[in-house]
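Numbering (the numbering used here), first residue to last: 10 to 250. This report refers to the structure that appears directly beneath it.
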Ligand code: BTN
């Protein structure tokens with residue numbers, strides 16, 4: 010793994026898109042801060058100094074069919090690395106890591122195609138010792154009383170991610186799937202599914218091996234939902250607004 014470190018970037022995901030294609034190496038791009046940090050659904054991701062912001066970049070020679078599970082293995086890798094440090098987090102499907110009911114980290118997986126080749130970019134932002142007071146419902150490790158070495162956390166997350174990624178290629182997803190299910194923030198809870206400008210009350214039933222969330226709508230019907238265009242909220246989160 011080749012790790013390139015920058016003091017400042019627009020966004021590690023955007024930088025990753027500009028790299029030459031090279032399927033021989035796996036890369037990580039790290040930035041101390043980002044001035045155009047991106048979140049899901051075109052949201053901004055505040056990326057002040059003190060946080061850990063990076064993208065893991067893997068170039069593949071053909072388009073993989075397991076892309077929607079990449080966010081899930083990323084979440085499992087972050088969870089596992091933090092757990093080893095004694096920090097218990099929850100995973101809010103599809104892409105948030107929750108600590109003490111607040112958002113500690115976010116994941117933005119993107120991909121770009123060049124013919125039959127594809128670049129997978131898994132972008133991770135973790136609030137370590139940055140000030141999150143002005144970010145709604147956010148937690149930082151420092152703010153919750155944890156002192157963590159950013160470099161070793163980075164190394165552990167990358168290690169677990171690559172391990173889960175390699176196992177995904179041979180359909181061995183048991184550990185990753187059980188981490189995301191057992192530590193889910195939403196499974197077996199009532200959730201609000203925001204979709205096409207509508208809001209539906211549903212029960213979060215399961216997470217499938219393809220990374221989709223199985224929901225049972227209150228008004229009837231079951232559906233596997235994929236992350237794109239969908240926002241999940243617990244009714245409690247609405248009440249607090
Ligand atoms: C989200 O919470 O919606 C996802 C946030 C993802 C943030 C990370 S920080 C590193 C990488 N570069 C970005 O611009 N975004 C991701």
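We treat Cβ as the ideally placed atom computed from N, Cα and C, and that holds for glycine. All of these numbers come straight from a predicted model, not from anything done at the bench.
Neighbour-count burial assignment, residue 208, 16 or more Cβ in a 10 Å radius: Looking up residue 208 in the chain shown gives position 199. Residue 208 comes out exposed.
Spatial distance of residue 28 from residue 19 (CA atoms): Looking up residue 28 in the chain shown gives position 19. Looking up residue 19 in the chain shown gives position 10. Residue 28 and residue 19: Cα-Cα distance of roughly 14 Å.
Nearest-residue set for the ligand ATP, Cβ under 5 Å from any heavy atom: What this structure holds is the ligand BTN, not the ligand ATP.
With 16 other Cβ atoms within 10 Å as the buried cut-off, status of residue 250: Taking the chain shown and counting its residues from 1, the one referred to as residue 250 is at position 241. With a pLDDT of only 48 at residue 250, under the threshold of 50, the placement of this residue in the model should not be trusted; the figure read from the coordinates follows. Exposed is the call here.
Extent of the continuous beta strand (DSSP E) run through residue 198: Stepping through the chain shown from its first residue, residue 198 is reached at position 189. That residue, residue 198, is in no beta strand (DSSP E); it is neither H nor E in DSSP.
Close-in-space but distant-in-sequence residues of the same chain around residue 153 (CB under 7 Å, 5 per side omitted): Start at 1 with the first residue of the chain shown, and residue 153 comes out as number 144. For residue 153, where only same-chain residues beyond five positions count, the Cβ hits under 7 Å are 108 and 109.
Check whether residue 70 and residue 41 have beta carbons under 8 Å apart: Residue 70 sits at position 61 when you count from the first residue of the chain shown. Residue 41 sits at position 32 when you count from the first residue of the chain shown. Contact flag unset, no.
For residue 25 and residue 61, the rounded distance between their alpha carbons: Taking the chain shown and counting its residues from 1, the one referred to as residue 61 is at position 52. Taking the chain shown and counting its residues from 1, the one referred to as residue 25 is at position 16. If I take the Cα positions, the gap works out to 16 Å.
As assigned by DSSP and simplified to three states, the class of residue 84: If you number the chain shown from 1, residue 84 lands on position 75. Correct three-state label for residue 84: helix.
Assumed close pair residue 130, residue 66 - CB separation to whole angstroms, cut-off 8 Å: Position 121 of the chain shown, counted from the start, is the residue given in the question as residue 130. Position 57 of the chain shown, counted from the start, is the residue given in the question as residue 66. Their Cβ separation, rounded to whole angstroms, is 6 Å, which keeps residue 130 and residue 66 in contact under 8 Å.
The stretch 165-177 / the stretch 109-120 touching (three or more Cβ pairs under 8 Å): no
With 16 other Cβ atoms within 10 Å as the buried cut-off, status of residue 21: Residue numbering aside, residue 21 sits at position 12 when the chain shown is read from its first letter. So residue 21 ends up on the buried side.
Test item: CB-CB of residue 101 and residue 195 under 8 Å: Start at 1 with the first residue of the chain shown, and residue 101 comes out as number 92. Start at 1 with the first residue of the chain shown, and residue 195 comes out as number 186. Yes, these two residues count as a Cβ contact at 8 Å.
Residue 62 - DSSP class collapsed to helix/strand/coil: Numbered from its first residue, the chain shown carries residue 62 at position 53. Of the three classes helix, strand and coil, the one that applies to residue 62 here is strand, per DSSP.
Contiguous alpha helix (DSSP H) assignments of at least 4 residues, all confined to the stretch 151-205: 159-178 and 183-191
Environment of residue 43 [buried if 16+ CB atoms lie within 10 Å]: The residue you call residue 43 lines up with position 34 of the chain shown. Per the 10 Å Cβ criterion, buried.
C-alpha distance - residue 147 paired with residue 68, whole-angstrom precision: Mapped onto the chain shown, residue 147 falls at position 138. Mapped onto the chain shown, residue 68 falls at position 59. Rounded to the nearest angstrom, the two C-alpha atoms are 32 Å apart.
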